[in-house]
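Peer 1:
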Amino acid sequence: MSNKLNELNELDETEILEDLLTDNEQSSDEFFGENEVENQEKLYQVAPEMAFTDWKKLDEWLDKHGLEQGFAFTITHSDKDKHDSFPRRRTYACTKGRAYVPRKEAHINEERDRGHHSGDCKFYINAYRRKRDNLVYITKINGEHNHPLVENINMVASRYRKLTPEMRDDVKLLATCGVRAGAIIEVLQVKYPDKFIYSRNIYNMVQTIRNQNNTSSDAGSMYLELMKQQQENPTFHVDACFEGQDNHLTRLCWMSPSQLQLWSCFHDVILLDTTAKTNRYSMILCVVILIDNHNRSRLAATAIISDETKETFSWLFSSISKVTNGLIPKLLYTDADPAMVAAVSSTWTTTKHHFCLFHIRKNLEKHFLGKYGGEKWKEFFTAFCHARNSRVEFIFEEKWAVLLQKYDDAANYLQRHLYKCREAWALCFTHRAFNAGVQSTQRVESYNGIIKNNVNGSSSLMELERTIERLLIKEGRYAQLNDTIGKLPVSREEDYHDHYYKKIDIYCQRYLTPALLKLQRHEMNRSMHYRCCITNLENELEKQFTAEIPNGIFSEDMFDACVIELKQLIADLDMKRITELWRISSIDRKSEHFIILYDDAAHLCTCLTLINRGLVCRHFFALMLLSPNAKFHIGLISQRWYADALIMEGNSAFLNEPALSVCSNDKFDTVEYIMQMDFLHLESIRGSYVFTEEVRQEMTHKQQWGKGFGIMKKTLNLAIAAGRIDELYEIHARFAKEIEDEISEQVINGGNYNDFANTISNPIHVRKKGRKPKDLNQTNTTNKGKKRVISENFNQSKQDDSDRENQKKVYKRICTVLRDKSNEDNTDPGLDDGIGENSRSNIRKCRVCNQKGHNSRTCPNKKDEECIA
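As structure tokens, this is what we get:
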């Protein structure tokens with residue numbers, strides 16, 4: 001027996017041997033060998049009088065016995081002890097042992113024809129727990145089955161397909177993290193190789209986990225979650241529209257405080273796109289993307305809308321403009337949706353609207369690829385690109401006319417859908433604008449793909465909102481990680497910029513972010529592939545040279561393409577301020593550009609990298625090695641690419657930095673020039689920096705107010721809960737008084753009494769209780785028969801509208817008082833002086849005694865009559 005235990009311990013079956021009652025010696029090869037014998041002895045046999053420590057051990061043993069034999073157990077009968085409530089007797093039967101009893105009438109035409117697995121099998125096992133030793137014994141076994149046994153019963157019986165507690169915990173963790181059911185199944189199969197994973201169980205459990213926190217109103221839960229964030233920070237923007245008697249959601253837009261900060265700094269170039277199949281209600285997800293100073297795509301705003309109409313997009317644009325205090329983008333990239341075009345033109349009137357070139361090509365393929373076929377389609381698209389890449393407007397018009405004449409069957413679509421909005425996609429209209437190197441909405445499409453990796457057409461709105469929130473948190477962490485990595489010292493191999501542009505590289509490291517520093521260094525290193533030659537401006541203009549236009553592709557897709565002609569480049573320049581003109585050509589002579597040097601260290605190149613991307617191009621760095629007039633200044637690079645600290649400080653110290661030249665007297669030596677820099681003409685072309693001082697102050701005040709409001713609200717709630725609200729009031733009052741005294745002292749000590757006088761407010765006007773005081777000196781009363789006329793002199797020119805209303809009220813009250821007084825008493829000296837002897841009160845008589853001077857209420861004869869009565 002000991003030899004047998006040693007052999008099976010190697011197989012990790014010690015628990016089996018504790019209850020094994022047979023002494024037949026068999027080796028491990030007989031149990032688990034490669035060539036198993038069909039009639040070999042089973043490991044988990046059952047027999048009468050077998051004893052187990054508890055019911056759990058018996059259940060485990062019978063489960064393993066059923067797996068070996070090919071059937072599954074179920075408990076059909078169980079008696080509990082009256083004293084300890086534990087089972088006293090149990091009957092284990094085959095799952096096919098119960099007779100089939102239909103629970104309802106079957107409607108064959110309405111229900112699917114599905115069978116049952118009940119077979120009236122007679123196999124069962126009785127077990128009994130003895131009180132003397134609390135051991136569980138098998139008392140009776142009926143080992144007859146009336147059905148064939150299944151070899152892979154673990155794949156069929158639901159008892160063996162049940163997930164273990166460990167598996168359920170793993171599924172819950174993965175489903176909470178947004179992992180799809182298919183990926184969860186693969187993870188479980190790797191972690192539990194001996195367990196058969198039934199896919200339907202995983203799908204059902206994942207769906208249960210996703211729906212367990214959902215209420216009856218998914219939209220209401222999402223709106224409530226967003227409003228909670230707004231209560232914590234009032235700068236959190238939420239805008240929603242509800243319609244109908246059921247108050248169903250139609251539009252919802254939200255922006256977090258961090259997104260508002262990004263919008264304030266980088267709203268010059270915005271990309272917008274819509275996508276479907278992100279929720280079970282078929283609402284459209286609208287994603288707004290911007291490009292930060294690290295050249296990363298950042299989520300600026302999110303909205304879900306029920307339709308794509310002009311009114312809906314106008315509402316979205318108005319909502320964003322309202323929360324950002326009218327900060328609208330300078331350049332917007334979208335697809336060519338007519339509703340989007342109409343909404344932009346009516347809401348963001350000053351925004352340049354450019355179309356995605358990728359969508360333009362896809363639309364052309366959809367309409368004409370199947371119609372024209374292979375070769376003709378290539379010819380058509382080549383002609384279209386040839387017209388689109390025209391750098392001059394009249395050349396574009398000529399080539400467009402040729403295109404329409406040659407492909408007259410496509411003229412209707414080209415004229416109606418493209419030509420009307422040619423300013424949004426033709427190169428001659430779009431090249432003179434800063435676009436951060438963007439030519440399509442690919443950044444938005446990529447972001448949509450990331451979102452759709454976590455949600456689909458069956459997801460709830462709460463799942464969509466949580467997915468977007470996780471992406472925002474991930475964005476913030478990634479930005480912090482990049483900032484930390486950028487501050488670490490890096491050892492790298494030296495390149496051209498370390499030898500020829502070392503001083504320039506130092507200034508770039510000081511101002512630019514790591515990502516843009518890498519791009520600028522790439523331009524420096526590429527400058528070694530070009531040759532420069534000085535030329536005459538008049539001669540070049542007379543040649544009327546036109547650079548080669550790429551065919552079959554867009555100019556933006558071509559490497560080192562010329563974007564603008566020389567004539568158009570100098571069209572708005574002062575010719576007297578142009579110092580030099582250089583021709584820059586590549587070593588292989590495949591590309592050629594012109595660079596114009598201005599007298600204030602500014603320059604322009606026909607590649608327009610300085611305009612479109614805000615970076616100094618490789619052609620200018622190649623020229624710096626030959627011309628001492630080619631000067632680099634850090635102000636040439638757009639401020640939007642500067643480091644975060646410099647952007648938030650808003651310091652314009654970069655304008656005081658010297659201009660640098662790397663060529664002097666035919667020697668490579670950096671020379672610094674202290675000169676007054678003026679980039680007004682450059683900013684007039686590519687646009688000025690959008691994060692101005694006013695925008696910076698407004699954003700700072702919003703952030704401070706939002707953060708302070710959240711802290712004060714939390715403090716107030718805690719003080720109320722702790723019963724220390726009076727102490728909080730006292731602290732706030734004392735702090736406010738200290739701040740007021742400090743501000744007043746600073747103004748007085750500064751000697752600026754004008755500013756101090758502007759801070760002084762009028763005394764607080766306190767309204768006294770009771771009626772207005774009488775002012776009878778300004779009233780004149782005259783009698784006309786039985787009618788009193790009271791006039792009052794007011795100076796109307798010195799009174800405002802509110803005073804006039806008050807005077808009217810006083811006038812009415814005086815009239816009432818005079819009437820009452822005249823009836824009550826005629827001996828008041830104030831009244832006698834103001835009214836006179838001929839007043840109406842002298843005419844009235846008492847109704848009791850018919851005498852003058854009093855009324856019926858104060859009549860002395862009335863009292864006597866009452867006493868007599």
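Residue numbers (UniProt numbering): 1 to 869. Glycine is no exception: its CB is placed at the ideal position from the N, C-alpha and C atoms. Treat the numbers as computed from the prediction; the structure is a model and nothing was measured.
#1: Quick check: what's the CA-CA separation for S199 versus I185?
#2: Is E166 buried or exposed, if buried means 16 or more other CB atoms sit within 10 Å of its CB?
#3: Quick check: what's the CA-CA separation for Y447 versus E730?
#4: Please list the segments of the beta strand (DSSP E) lying wholly inside the UniProt domain "SWIM-type" (594–628), counting only runs of 3 or more residues, in order along the chain.
#5: By alpha-carbon positions, which one of Y642, E60 and E232 ends up nearest to F266?
#6: According to DSSP, what are the bridge partners of D239?
#7: Under 7 Å Cβ to Cβ from V341, same chain only, skipping five residues before and after it: list those, please.
#8: With a cut-off of 8 Å, do at least 3 Cβ pairs link the segment 527–542 to the segment 681–697?
#9: Apart from the five residues just before and just after R355, which ones in its own chain have a Cβ nearer than 8 Å to its Cβ?
#10: Grab me the residues of I270's own chain with a C-beta within less than 6 Å of its C-beta, minus the 5 sequence neighbours each way, in chain order.
#11: Per DSSP, Y478 is paired with what?
#12: Using C-beta distances below 7 Å, list every residue in its chain close to N142, excluding the 5 sequence neighbours before and after it, in chain order.
#13: In terms of residue numbering, what span does the alpha helix (DSSP H) encompassing C532 cover?
#14: Whole angstroms is fine: what's the gap from G119's alpha carbon to K96's?
#15: Check whether the segment 565–584 and the segment 656–663 touch, using three or more Cβ-Cβ pairs below 8 Å as the test.
#16: Just to confirm before moving on: does the CB-CB distance between H619 and I587 stay below 7 Å?
#17: What residue does the alpha helix (DSSP H) around N204 start on, and which one ends it?
#18: From the DSSP output, in three-state form, read off N448 for me.
#19: Figure out for me which residue from E375, L299 and A387 has the closest Cα to the Cα of I473.
#20: Just the C-alpha distance for I75 and D133, rounded to the nearest angstrom, thanks.
#21: What does DSSP give as the partner residues of C846 in its beta bridges?
#22: Do three or more CB pairs link the segment 488–503 to the segment 551–562 at distances below 8 Å?
#23: To the nearest angstrom, report how far apart F242 and E308 are at their CA atoms.
#24: Is it a yes or a no for the segment 603–619 touching the segment 676–686, going by three-plus beta-carbon pairs under 8 Å?
#25: Between the alpha carbons of T91 and N204, how many angstroms are there, rounded?
#26: Roughly how many angstroms lie between the CA atoms of T441 and Q261, to the nearest whole one?
#27: Along the chain, where does the beta strand (DSSP E) containing I125 start, and where does it finish?
#28: Would you tell me roughly how many angstroms separate the C-alpha atoms of Y223 and R168, rounded to the nearest one?
#29: Which first and last residues belong to the beta strand (DSSP E) in which E580 is found?
#30: Between the alpha carbons of K737 and R443, how many angstroms are there, rounded?
#31: So, at 6 Å on beta carbons, what are the nonlocal neighbours of D268 in its own chain, with the 5 sequence-adjacent residues on each side left out?
#32: Measuring only the C-alpha atoms, how far is T312 from Q509?
#33: F73 by DSSP, collapsed to three states: which one?
#34: With 16 as the cutoff for other CB atoms within 10 Å, does D23 come out buried or exposed?
#35: To the nearest angstrom, report how far apart T208 and H83 are at their CA atoms.
Peer 2: A quick look at the data gives this:
#1: 7 Å
#2: exposed
#3: 51 Å
#4: 603–605
#5: Y642
#6: C253
#7: H353 and C421
#8: no
#9: First, the amino acid is wrong: residue 355 is Phe here, not Arg. Here the set comprises Y333, T334, D335, A336, C421, A424 and W425.
#10: L290, P329 and L332
#11: According to DSSP, which records beta bridges pairwise, Y478 is partnered with nothing at all.
#12: K122, F123 and Y124
#13: Not the alpha helix (DSSP H): C532 falls in the beta strand (DSSP E), residues Y530 to T535.
#14: 5 Å
#15: no
#16: no
#17: S199 to N211
#18: helix
#19: L299
#20: 23 Å
#21: None; C846 has no bridge partner.
#22: no
#23: 16 Å
#24: yes
#25: 31 Å
#26: 22 Å
#27: Y124 to R129
#28: 31 Å
#29: I578 to S586
#30: 52 Å
#31: K330 and V690
#32: 45 Å
#33: strand
#34: Only weak support is given to the placement of D23: the predicted model assigns it a pLDDT of 38, under 50, and the value that follows is read from those uncertain coordinates. It counts as exposed.
#35: 39 Å
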